[in-house]
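Below is one structure, written out as structure tokens; comments come after it.
Numbering (my numbering), first residue to last: 4 to 303.
Rendered as structure tokens:
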């Protein structure tokens, strides 16, 4: 079982030394997701303008079927997004975001309780999704909104706090950092402190350094190569590299041809400390990470 209702798992001595006693599980609803193996979040975009070209707009049945396929292929969680966060994306209304997502959330949560995430930065959308069965709020803006933090805390939900420099429309306009990892860690530490002060449980917070969100190619590569530095923050690390533009810059390929690059980046992310990987191509990534995990732990 991926999810359990207890938390008696112990990590290995070698891993404890590497992670500085990082919690080896995350609380999701009333259950515990153990992080003794790499975990997978399937990305389900119910948008017409997803950067990856996989968006589904206005067809809840197709979206539900795709979500079921992700679970069948080995996804631990499915993350449903109703608003594109690609560079240059224009915002949509709350009503439209709710219309796109809630039917899908409700149907998948009924079959897979405790395993549904909503990708949103809006408090009303988040609360609607929680009432429909979502237990995770994945906020690309870093949980900066006090109302959203209150929704998460009031419903005892789990949060993924991501770093983004700027907003989707402007985030790729000459982003600059003195030291990209140091600045992202400072941002995430501030957001974690706010979240915990507002009542979100420490065991219910995950962090995401935000690959591709206000970063150049070099920034993204630095984050991936230095990912283990985030382990000192004491929170599970989520990483999203699937079909991202940095892979396209390296390979010269469009999103639909970035499978191999996405898997290579996911494997390296896990090797360097990621606990959970957000992906479009679930079955291929699950297989690759099983092999990678076996090799990594053979080194211990």
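Where a beta carbon is used, it is the ideal one built from N, C-alpha and C, also for glycine.
Quick one: which unbroken alpha helix (DSSP H) runs of 4-plus residues sit fully inside the region 147-218? Chain order, please.
Correct list: 149-157 and 183-200.
Status (buried if at least 16 other CB within 10 Å, exposed otherwise) for residue 163:
Its Cβ being crowded by 16 or more others within 10 Å, residue 163 is buried.
Just the Cα atoms here: how many angstroms apart are residue 375 and residue 190?
Missing from the structure shown is residue 375; the chain here goes from 4 to 303 and no further.
Have a look at 48, 247, 148 and 145 and flag the residue whose alpha-carbon is nearest the alpha-carbon of residue 105.
Closest in alpha carbon position to residue 105, among 48, 247, 148 and 145, is 48.
From residue 72 to residue 31, what distance separates their C-alpha atoms?
In this structure, the CA atom of residue 72 is about 22 Å from the CA atom of residue 31.
When DSSP builds the beta bridges, which residues end up paired with residue 120?
As computed with DSSP, residue 120 is found in a beta bridge with 82 and 139.
Kindly indicate which residue of 116, 254 and 131 has the alpha-carbon position closest to the one of residue 123.
Among 116, 254 and 131, the Cα nearest to that of residue 123 belongs to 131.
Looking only at its chain, what residues have a beta carbon closer than 6 Å to the beta carbon of residue 141, apart from the 5 residues adjacent to it on each side?
Contacts found: 82, 120, 122 and 163.
Alpha carbons only, please: which of 125, 245, 147 and 160 is nearest the one belonging to residue 139?
Residue 160 is the option with its Cα nearest to residue 139.
Rounding to the nearest angstrom, what Cα-Cα distance links residue 55 and residue 246 in this structure?
Any answer about residue 55 is weak, because its pLDDT of 45 lies below 50 and its placement is not dependable; what the coordinates show is given next. Roughly 6 Å between the two C-alpha positions.
Considering Cα atoms alone, identify which of 193, 101 and 114 is closest to residue 80.
Looking from the CA of residue 80, the closest CA among 193, 101 and 114 belongs to 114.
Inter-stretch contact (C-beta, 8 Å, three-pair minimum) for the region 283-292 and the region 212-228
With a cut-off of 8 Å, the region 212-228 and the region 283-292 do not count as touching, because too few Cβ pairs lie within range.
On the criterion of 16 or more Cβ atoms from any shown chain inside 10 Å, does residue 137 qualify as buried, or is it exposed?
For residue 137, the number of other beta carbons within 10 angstroms of its own is at least 16, and it is reported as buried.
Please list the terminal residues of the continuous beta strand (DSSP E) segment that includes residue 45.
Where residue 45 is concerned, the enclosing beta strand (DSSP E) stretches over 42-48.
For my contact list, residue 209 and residue 241 are in at a C-beta cut-off of 8 Å; report their separation, rounded to the angstrom.
About 5 Å; that satisfies the 8 Å criterion.
Where does residue 185 land, buried or exposed, given buried means 16+ other C-beta within 10 angstroms?
By the beta-carbon neighbour count (other beta carbons within 10 angstroms, threshold 16), residue 185 is exposed.
Are residue 146 and residue 194 touching if we call contact CB-CB under 9 Å?
Going by C-beta atoms, residue 146 is nearer than 9 Å to residue 194.
When you compare the CB positions of residue 204 and residue 153, do they come within less than 9 Å of one another, or not?
Not a contact, by the Cβ cut-off of 9 Å.
On the criterion of 16 or more Cβ atoms from any shown chain inside 10 Å, does residue 69 qualify as buried, or is it exposed?
Classification for residue 69: buried.
So, with DSSP's three-state summary, where would you put residue 95?
Three-state DSSP puts residue 95 in coil, outside helix and strand.
Check residue 108 in the structure and name its three-state DSSP category.
In the structure shown, residue 108 adopts helical secondary structure according to DSSP, grouped into three states.
The beta strand (DSSP E) enclosing residue 35, as first and last residue numbers
Segment 34-37, the beta strand (DSSP E) holding residue 35.
Beta strand (DSSP E) runs contained entirely in the region 236-266, provided each spans 3 or more residues
DSSP runs (the beta strand (DSSP E)) wholly in the region 236-266: 241-243.
Using a Cβ-Cβ cutoff of less than 8 Å, which residues in the same chain neighbour residue 230 once the five nearest sequence positions on both sides are dropped?
Excluding sequence neighbours, residue 230 sits near 212, 240, 242, 272, 275, 276 and 277.
Rounded Cβ spacing between residue 248 and residue 217 (contact assumed at less than 8 Å)
Contact flag wrong, Cβ pair sits at about 12 Å.
How far does the beta strand (DSSP E) with residue 28 in it extend, from its first residue to its last?
For residue 28, the enclosing beta strand (DSSP E) starts and ends at 28-31.
Residues sharing a beta bridge with residue 273, DSSP
Looking at the DSSP assignment, residue 273 forms no beta bridge with any residue, so it has no partner.
Classification of residue 300 by the beta-carbon crowding that lies within 10 angstroms, buried from 16 upward
So residue 300 ends up on the exposed side.
Could you tell me which residues DSSP puts in a beta bridge with residue 281?
In the DSSP output, where bridge partners are listed per residue, residue 281 has 44 and 243.
Please name the residue, chosen from 35, 265 and 51, that lies closest to residue 103 on a Cα-to-Cα basis.
Answer by Cα proximity: 51.
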